[in-house]
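In mature numbering (1 follows the signal peptide of the UniProt record, and there is no 0), the protein residues as written are -47 to -1, 1 to 434.
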């Protein structure tokens, strides 16, 4: 149970737990959770100190949970939300981003908890209640926490923000790392734009379906067909220029994997080659297979590009210069291709699917407690511009003072060092202790270096450009399908 705080974020009198009282249905629920707890298993004695607690088990929903509570618990519990797990993939419960962070936090007395969520895929309707049920179970077993923090990575960063916005009475603060904080509608719209450009420019007349899939078989077949066209196009200057255009509509950075060659500022060829690798990844899973799974939950296609001006979108992209230079090198007319995008038949959304996604998966920006977001600058899966979208939402909701965002210079998705991760967590804690934010890169780097001396910390001053098509509850004027 999180303590109340004064206006500066300092702990005060304990809050009343939202489920306390004499509700008979609640007592039944808690009885079920207690029964579930009795099924928990303990680590063998050689794996943990006898006075430490390691619990695993199942929630009534079927989700797995895991809890690690040191004997010298410091009173803070961290509820970790894990990233996206595709349908059919293993889905164990997780309570930290990695083992190194886990070991350091346990040694300092933090309690670490988390669940698997009851289902894989776009599981927000299971993830949020399962995470809250895990917190309930922890409280029943170990008592009320002095401080409760939500944190998570990737899709779990989105779940964390959803918990922070919709269940603020349960938490004191939150940390979203490389989070999908643009929300569901914006995510699927932004995922549609590059594949629309690829189909229009590289596979005209192919009939490749981009949304509204009947099943996974149809989605996978569409992915394979368009992927083969893109693979062939990469062998020609014209094709490479058009792939760069599609990448720019999704803000895919030109250096997005540490295994890649880092290009110079005008090394357009290497930038495009790096983007091509990310485009292939987008086609293989998120744009088709993962979309179909989300559509099956939403009851149809929740995204659209009707009314979208791709010429204006490209002009706003930080990759505009690269695209224009590659078109010049290919002797290709960018204006002609943009006109083709403008004339091409558009994809319309299913209104009921948009309503489902809006109700379950769109963020409002309304924060009651402090939230810190961190993101790598070279993220291709959830481009760093997602942070601009959430800042816009928080500003529109009047919560900008509670939100801070910090940036790590580096390629990849969620590729934070242990030091960078713990520095962000301790920065959030310091905000709660003092009522003041200090997210200066120098301060973050100094903390990160102390936590992980072997890794060079990489926080930098940075401001992302605008997200291409933001959609949040704080702006009712956002484009509609």
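Heads up, the beta-carbon is just placed ideally off N, CA and C, and yes, glycines get one too. Since this is a predicted model, take the numbers as computed values, not measurements.
Which one of the options has the shortest CA to CA distance from residue i?
{"i": "residue 355", "options": "261, 347 and 362", "result": "347"}
{"i": "residue 431", "options": "265, 221 and 138", "result": "138"}
{"i": "residue 272", "options": "100, 384 and 333", "result": "333"}
{"i": "residue 266", "options": "296, 220, 422 and 58", "result": "422"}
{"i": "residue 287", "options": "192, 203 and 58", "result": "192"}
{"i": "residue 213", "options": "228, 202, 203 and 219", "result": "228"}
{"i": "residue 258", "options": "410, 79, 146 and 416", "result": "146"}
{"i": "residue 86", "options": "67, 77, 104 and 101", "result": "67"}
{"i": "residue 92", "options": "243, 162 and 29", "result": "29"}
{"i": "residue 199", "options": "54, 217, 179 and 309", "result": "179"}
{"i": "residue 295", "options": "4, 7 and 153", "result": "153"}
{"i": "residue 306", "options": "260, 256, 11 and 394", "result": "256"}
{"i": "residue 268", "options": "303, 343 and 203", "result": "203"}
{"i": "residue 79", "options": "368, 400 and 314", "result": "314"}
{"i": "residue 238", "options": "215, 176, 11 and 291", "result": "176"}
Give the C-beta separation of residue i and residue j to the nearest angstrom, bearing in mind that I take them to be a contact with Cβ-Cβ under 8 Å.
{"i": "residue 73", "j": "residue 48", "result": "Incorrect: roughly 18 Å between the Cβ atoms, too far for contact."}
{"i": "residue 107", "j": "residue 131", "result": "5 Å"}
{"i": "residue 406", "j": "residue 373", "result": "Actually they are not in contact, since the Cβ atoms of residue 406 and residue 373 sit about 13 Å apart, beyond 8 Å."}
{"i": "residue 133", "j": "residue 142", "result": "That belief does not hold up - the Cβ atoms of residue 133 and residue 142 are roughly 13 Å apart, past 8 Å."}
{"i": "residue 56", "j": "residue 14", "result": "The Cβ separation is near 29 Å, so there is no contact."}
Helix, strand or coil: which one does DSSP assign to residue i?
{"i": "residue 205", "result": "coil"}
{"i": "residue 276", "result": "helix"}
{"i": "residue 7", "result": "strand"}
{"i": "residue 364", "result": "strand"}
{"i": "residue 385", "result": "helix"}
{"i": "residue 12", "result": "coil"}
{"i": "residue 242", "result": "helix"}
{"i": "residue 257", "result": "coil"}
{"i": "residue 173", "result": "helix"}
{"i": "residue 26", "result": "coil"}
{"i": "residue 58", "result": "helix"}
{"i": "residue 104", "result": "strand"}
{"i": "residue 21", "result": "strand"}
{"i": "residue 33", "result": "strand"}
For residue i versus residue j, is the C-beta spacing smaller than 9 Å?
{"i": "residue 434", "j": "residue 249", "result": "no"}
{"i": "residue 380", "j": "residue 396", "result": "yes"}
{"i": "residue 62", "j": "residue 385", "result": "no"}
{"i": "residue 425", "j": "residue 121", "result": "no"}
{"i": "residue 341", "j": "residue 110", "result": "no"}
{"i": "residue 22", "j": "residue 95", "result": "yes"}
{"i": "residue 197", "j": "residue 275", "result": "yes"}
{"i": "residue 280", "j": "residue 362", "result": "no"}
{"i": "residue 437", "j": "residue 116", "result": "Outside the displayed range of the chain (-47 to 434) lies residue 437, so it cannot be described from this structure."}
{"i": "residue 40", "j": "residue 278", "result": "no"}
{"i": "residue 114", "j": "residue 172", "result": "no"}
{"i": "residue 104", "j": "residue 129", "result": "yes"}
{"i": "residue 16", "j": "residue 71", "result": "yes"}
{"i": "residue 210", "j": "residue 240", "result": "no"}
{"i": "residue 118", "j": "residue 378", "result": "no"}
{"i": "residue 195", "j": "residue 102", "result": "no"}
{"i": "residue 329", "j": "residue 360", "result": "yes"}
{"i": "residue 304", "j": "residue 205", "result": "no"}
{"i": "residue 420", "j": "residue 311", "result": "no"}
{"i": "residue 31", "j": "residue 8", "result": "no"}
Could you confirm whether any beta carbon from chain C is found closer than 9 Å to the beta carbon of residue i?
{"i": "residue 367", "result": "Looking for chain C here will not work: only one protein chain is present."}
In chain order, which alpha helix (DSSP H) runs of at least 4 residues are fully inside the stretch 309 to 358? As far as the stretch 309 to 358 is concerned, its whole alpha helix (DSSP H) runs of at least 4 residues are 339 to 349.
Return the chain-ordered ranges of every alpha helix (DSSP H) run that is complete within the stretch 65 to 95 and spans a minimum of 4 residues. 77 to 95
At what residue ranges does the stretch 110 to 171 contain a whole run of the beta strand (DSSP E), taking only runs of 3 or more? You should have 126 to 130.
Can you list the alpha helix (DSSP H) stretches of 4 or more residues lying completely in the stretch 393 to 429, in chain order? 394 to 404
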